Amino acid sequence: MMTPTAALTRYVLDRSTMAVAARKRDEVRFGFRAAGCNFLLGAEESVQIIDARPVCPLPGTPGWCAGLINLHGILLPVFDLARLLDGDADGNSRYIMVFGQGSRSAGIYLDSLPGAVTLNKAPEPVGPLQNDLMLACTDRQYRLANLVWLETAFDRLFTELSLRFQNHGSPKGRVIP
Numbered sequence: 007m008m009t010p011t012a013a014l015t016r017y018v019l020d021r022s023t024m025a026v027a028a029r030k031r032d033e034v035r036f037g038f039r040a041a042g043c044n045f046l047l048g049a050e051e052s053v054q055i056i057d058a059r060p061v062c063p064l065p066g067t068p069g070w071c072a073g074l075i076n077l078h079g080i081l082l083p084v085f086d087l088a089r090l091l092d093g094d095a096d097g098n099s100r101y102i103m104v105f106g107q108g109s110r111s112a113g114i115y116l117d118s119l120p121g122a123v124t125l126n127k128a129p130e131p132v133g134p135l136q137n138d139l140m141l142a143c144t145d146r147q148y149r150l151a152n153l154v155w156l157e158t159a160f161d162r163l164f165t166e167l168s169l170r171f172q173n174h175g176s177p178k179g180r181v182i183p
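With my numbering applied, the sequence shown corresponds to residues 7 to 183, in that order.
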């Protein structure tokens with residue numbers, strides 16, 4: 007009878023064939039639609055999808071800051087990218103995608119649930135982004151089946167939103183106590 011160690015070490019894995027197979031394989035990522043744009047989630051991105059619920063609006067905030075919700079005992083800011091990017095929102099979002107964890111989390115309204123997106127070619131230039139926010143937060147663009155997908159750094163997006171929120175000010179230039 008073979009010892010357990012001998013049984014586990016008797017085969018030698020040929021790693022050279024694994025590397026070739028990995029290069030040939032298409033990359034599959036998750037993508038979703040928000041504010042009329044197609045976004046790709048990074049492989050390291052951790053998100054949670056929740057049903058949209060009523061938010062508590064904050065007086066004196068820009069319209070793209072929908073408000074706060076209570077999620078697992080933490081107040082979570084929810085942003086409406088449609089209002090921010092094109093100034094119009096239909097208010098029919100059924101889901102909120104939550105990025106981050108704990109007190110460092112934020113949510114955005116979704117147009118659709120995430121689905122698998124197969125990236126079988128290198129990013130291709132599809133023209134400059136017209137929005138300065140998306141230009142600052144988008145790393146790459148892909149064109150797949152006549153759709154443009156944005157590979158967005160959501161940590162940068164929320165940092166940028168935070169800066170815009172702070173620079174927005176309160177009505178009449180007063181600070182709300």
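Think of the CB as a built atom: it goes at the ideal place given N, C-alpha and C, for glycine as much as any other residue.
Because the structure is a prediction, the values reported are computed rather than measured.
CB of residue i to nearest heavy atom of the ligand ADP: below 8 Å?
i, result
"glycine 121", "With respect to the ligand ADP, the structure offers nothing, as it holds no ligand at all."
Tell me whether the beta-carbon of residue i lies closer than 9 Å to the beta-carbon of residue j.
i, j, result
"leucine 163", "leucine 139", "yes"
"glycine 48", "arginine 35", "yes"
"valine 61", "leucine 74", "yes"
"isoleucine 55", "proline 120", "yes"
"asparagine 126", "aspartate 32", "yes"
"alanine 58", "serine 111", "no"
"leucine 87", "isoleucine 114", "yes"
"glutamate 166", "phenylalanine 105", "no"
"proline 68", "histidine 174", "yes"
Alpha carbon to alpha carbon, how far is residue j from residue i? Give it in angstroms, no decimals.
i, j, result
"asparagine 76", "threonine 9", "56 Å"
"cysteine 71", "cysteine 43", "18 Å"
"phenylalanine 171", "proline 83", "11 Å"
"leucine 141", "glycine 37", "18 Å"
"alanine 27", "leucine 90", "Only weak support is given to the placement of alanine 27: the predicted model assigns it a pLDDT of 47, under 50, and the question is left unresolved by the model."
"methionine 24", "tyrosine 148", "Interpretation of methionine 24 is limited by its pLDDT of 49, a score under 50 that renders its predicted location unreliable; the figure taken from the coordinates is listed afterwards. Rounded to whole angstroms, methionine 24 to tyrosine 148 spans 27 Å at the Cα level."
"glutamine 136", "glutamine 107", "31 Å"
"valine 123", "phenylalanine 85", "24 Å"
"glycine 66", "aspartate 92", "20 Å"
"alanine 128", "threonine 144", "16 Å"
"arginine 109", "aspartate 161", "Reading off the sequence, residue 109 comes out as serine, not arginine. So the two alpha carbons sit approximately 14 Å from each other."
"leucine 116", "histidine 78", "20 Å"
"serine 118", "arginine 146", "21 Å"
Mind checking residue i: buried by the 16 CB within 10 Å criterion, or exposed?
i, result
"methionine 103", "buried"
"glycine 133", "exposed"
"leucine 169", "exposed"
"threonine 158", "buried"
"alanine 41", "buried"
"threonine 11", "exposed"
"phenylalanine 45", "buried"
Quickly, what does DSSP pair residue i with across the bridge? List them, please.
i, result
"valine 154", "Arg149"
"threonine 124", "Val34"
"threonine 144", "Thr158"
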